[in-house]
Every structure is written in structure tokens, then in C-alpha cells.
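What follows is a single structure, written as C-alpha cells, with notes after it.
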Amino acid sequence: QVADGLEARSQEIAAVETHDSGGTIRKTSGDMMMGAAQLRYFAEMAPKLPLWEEIQVPQFPAQSKNYLQREPIGVCGQ
Numbered sequence: 109q110v111a112d113g114l115e116a117r118s119q120e121i122a123a124v125e126t127h128d129s130g131g132t133i134r135k136t137s138g139d140m141m142m143g144a145a146q147l148r149y150f151a152e153m154a155p156k157l158p159l160w161e162e163i164q165v166p167q168f169p170a171q172s173k174n175y176l177q178r179e180p181i182g183v184c185g186q
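Here the sequence shown is numbered in our numbering, starting from 109 and rising by one per residue.
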């Protein structure tokens, strides 16, 4: 949805970015399309990432199991 919105308003956003950054309208228009493509790529990748992963501990292979749990934290948590 975000990528669709970005594409729908790309010329408007590109004009604002041109005024803000001083880049050419050609460059900022391309940036909008690249941004939409990246949003789609990461939206497709997110469900494919494992949420649980067993971690092997060579020193104690039979005594315990360790797991890595991934939780989404959003852009502010990075």
C-alpha cells in the first residue's frame, strides 16, 4: 500500500524533494520509483524470514538448547 501511494504521488513528492535537496526533477523522480521498488522488495521478504532459529552451542551440545527469537521493532527501534 505504501509503495502504491508513493507511486501515485511520485511527481508531487519528487517536486518537494527537488526543492528540499536541490537535486534535479529527473533524479528525484527516479528516487521515488526506486523507493517504491525497495518497499515492495522488503514487504515480500519480511514473511520469509525465520522468527525462531536454534543456536548450536558446541561446548554443551546435549545439556541445553538456545534459540534466537526475532521480533519486529519497526524503524524507530533500529
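Every residue gets a Cβ at the ideal spot worked out from N, C-alpha and C, and that includes glycine.
Name the residue from 128, 148, 121, 132 whose alpha carbon lies nearest to the alpha carbon of residue 140. Measuring from the Cα of residue 140, the nearest candidate turns out to be 121.
Would you mind stating whether residue 144 and residue 114 have Cβ atoms separated by less than 9 angstroms? Yes, the pair counts as a contact, with Cβ atoms nearer than the cut-off.
Within 10 angstroms of the Cβ of residue 129, are there 16 or more other Cβ atoms? Answer buried if so, exposed if not. exposed
With a threshold of 16 other CB atoms inside 10 Å of the CB of residue 136, please say whether the residue is buried or exposed. By the neighbour-count rule (16 or more Cβ atoms within 10 Å), residue 136 is buried.
For the alpha helix (DSSP H) that residue 162 lies in, which residues bound it at each end? Segment 160 to 163 is the beta strand (DSSP E) holding residue 162; no alpha helix (DSSP H) there.
Assuming residue 177 is part of the beta strand (DSSP E), what are its boundary residues? 174 to 177
If the criterion is Cβ atoms closer than 9 angstroms, does the pair residue 147 and residue 111 meet it? yes
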